[in-house]
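Protein chains in written order, with the numbering used here: chain A, 1 to 118; chain B, 1 to 135.
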C-alpha cells in the first residue's frame, strides 16, 4: 500500500517553525507590549509615538515583526486543526483544514499589509 | 478481541466521549498545551492591531494603547503570558526528546538540551528587552 501524497509535511514544517518562534520570542513580547507598557512600567521616552514609529518603521525590525507574528499563526492553525479532530469533529476534516490554514494565510497577508504601512 | 454475538453480527465501535481529556491530569495538561496556541495567536493579532494603529497616526495609537490599559486586557495578557511560558517549556522539553543531539558519538541527554534551550530563551528575551528599551 503506497501512502497518499498530501501537503501535510508543508503545514507541519510551518507549524514547527511557528512553534520555535512562539517558544523563544513570544513571552518577552507579551510581557512588554501587553503588561509592562500598559501598566506604565516603561518610561514615556521609550513608548512615545515618535519613537515607536521610528523603531517599528525600521526595515530590519519589520522583517523581524513579520516572522514574529506570521509564523506562530501556522503553529496555531495546525494545532487547532488537530485539537478539533480530538474533540470529535473528524467528519468535518476538510472544512476545518481549509478554515485553519486559510485563517493563517489571511493573517500573513494582513501582517504584510500592516507592516508595509508603518 | 471477540465481537459480541448479536442477531445481526454487527461489530461494536466504542465512541470516544468529547470529554475524554477530563479523565486525568495528563490528558488535561495536554489540552492546556494545545490551548496555549490560541492565546498566543490572539495576542499576536492584538499586537498587529497595535502596529496598525501606530501606522494610522498619534491619535489612533494613543486611543488604542489606552484600551490596552483596561483591567480586562491586562488580565488577558497575564493569562496569555502564562500559557506562552507553558508552551515554551513544553516545546523545549518535547523537541529535546524528539531531536537527538549527538556530540562526539554520544547522545546529549535531553534534559541538558532542554536546559540549554531555556538558557538561550533567557538570553534572547534579555536582548529583546534591551533593544526595546534602548535601540
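No residue lacks a Cβ here, since even glycine has one placed at the ideal position from N, Cα and C.
These numbers were taken from a predicted model, which means no experiment stands behind them.
Do we get a CB-CB distance below 7 Å when we pair residue i with the residues of chain A?
i: residue 111 of chain B; result: no
i: residue 68 of chain B; result: yes
i: residue 96 of chain B; result: no
i: residue 81 of chain B; result: yes
i: residue 115 of chain B; result: no
i: residue 40 of chain B; result: yes
i: residue 128 of chain B; result: yes
i: residue 61 of chain B; result: yes
i: residue 132 of chain B; result: yes
i: residue 32 of chain B; result: no
Give me the chain B residues within the contact set of residue i, using Cβ-Cβ distance strictly less than 7 Å, ordered along the chain.
i: residue 110 of chain A; result: 48
i: residue 96 of chain A; result: By Cβ distance, chain B contributes nothing, its closest Cβ being about 14 Å from residue 96 of chain A, past 7 Å.
i: residue 87 of chain A; result: 18
i: residue 27 of chain A; result: 81, 84, 85, 88 and 125
i: residue 17 of chain A; result: Within chain B, no residue comes near residue 17 of chain A; the closest Cβ sits about 12 Å away, beyond 7 Å.
i: residue 72 of chain A; result: 40, 41 and 44
i: residue 81 of chain A; result: Neighbours of residue 81 of chain A on chain B: none; closest Cβ ~10 Å, over 7 Å.
i: residue 53 of chain A; result: 54
Given that a residue counts as buried once 16 or more other Cβ atoms are within 10 Å of its Cβ, and exposed if not, what is residue i?
i: residue 24 of chain B; result: exposed
i: residue 79 of chain A; result: buried
i: residue 72 of chain A; result: buried
i: residue 19 of chain B; result: exposed
i: residue 16 of chain B; result: exposed
i: residue 184 of chain A; result: What is shown of chain A runs 1 to 118, which leaves residue 184 of chain A out entirely.
i: residue 71 of chain B; result: exposed
i: residue 14 of chain B; result: exposed
i: residue 96 of chain B; result: buried
i: residue 65 of chain A; result: buried
i: residue 12 of chain B; result: exposed
i: residue 47 of chain B; result: buried
Excluding the five sequence neighbours on either side, which residues of its own chain have a C-beta within less than 6 Å of the C-beta of residue i, listed in chain order?
i: residue 70 of chain A; result: 108 and 111
i: residue 62 of chain A; result: 115
i: residue 118 of chain A; result: 56 and 57
i: residue 42 of chain A; result: 36
i: residue 18 of chain A; result: 71, 72, 74 and 75
i: residue 84 of chain A; result: 96
Do residue i and the ligand FAD come close, with the Cβ less than 6 Å from some heavy atom?
i: residue 66 of chain A; result: As far as ligands go, the structure on display features none, and thus does not contain the ligand FAD.
Closer than 7 Å by beta-carbon distance: list the chain A residues that pair up with residue i, in chain order.
i: residue 58 of chain B; result: 49
i: residue 92 of chain B; result: 23
i: residue 78 of chain B; result: 35
Kindly list the residues whose CB is nearer than 7 Å to the CB of residue i, restricted to its own chain and excluding five residues on each side of it in sequence; keep chain order.
i: residue 54 of chain B; result: 61
i: residue 30 of chain B; result: 21
i: residue 118 of chain B; result: 92
i: residue 77 of chain A; result: 100, 101, 103 and 104
List, in chain order, every chain A residue whose beta-carbon is nearer than 8 Å to that of residue i.
i: residue 51 of chain B; result: 56, 65, 114, 115 and 118
i: residue 74 of chain B; result: 34, 35, 38 and 39
Chain B beta carbons: is any one of them nearer than 7 Å to that of residue i?
i: residue 102 of chain A; result: no
i: residue 30 of chain A; result: yes
So which residues on chain B does residue i lean against when the C-beta distance must stay under 8 Å?
i: residue 106 of chain A; result: Within chain B, no residue comes near residue 106 of chain A; the closest Cβ sits about 11 Å away, beyond 8 Å.
i: residue 12 of chain A; result: Going along chain B, no residue has its Cβ under 8 Å from residue 12 of chain A, so there is no contact; the nearest lies around 13 Å.
Who are the Cβ neighbours of residue i in its own chain at under 8 Å, not counting the five residues just before and after it?
i: residue 45 of chain A; result: 51
Against residue i, what residues of chain A qualify as contacts under a CB-to-CB distance less than 9 Å, listed in chain order?
i: residue 100 of chain B; result: Result: empty, since nearest Cβ-Cβ is about 16 Å, beyond 9 Å.
Stretch pair the region 80–91 of chain B + the region 30–38 of chain B: three plus CB contacts closer than 8 Å: yes
Cβ contact check for the region 120–134 of chain B and the region 19–35 of chain A: 3 or more pairs under 8 Å: yes
Any 3 or more C-beta pairs closer than 8 Å across the region 109–117 of chain B and the region 6–14 of chain A: Taking a contact to require three or more Cβ pairs closer than 8 Å, the region 109–117 of chain B and the region 6–14 of chain A do not qualify as touching.
Sufficient close CB pairs (3 or more, under 8 Å) joining the region 74–85 of chain B to the region 38–53 of chain B: yes
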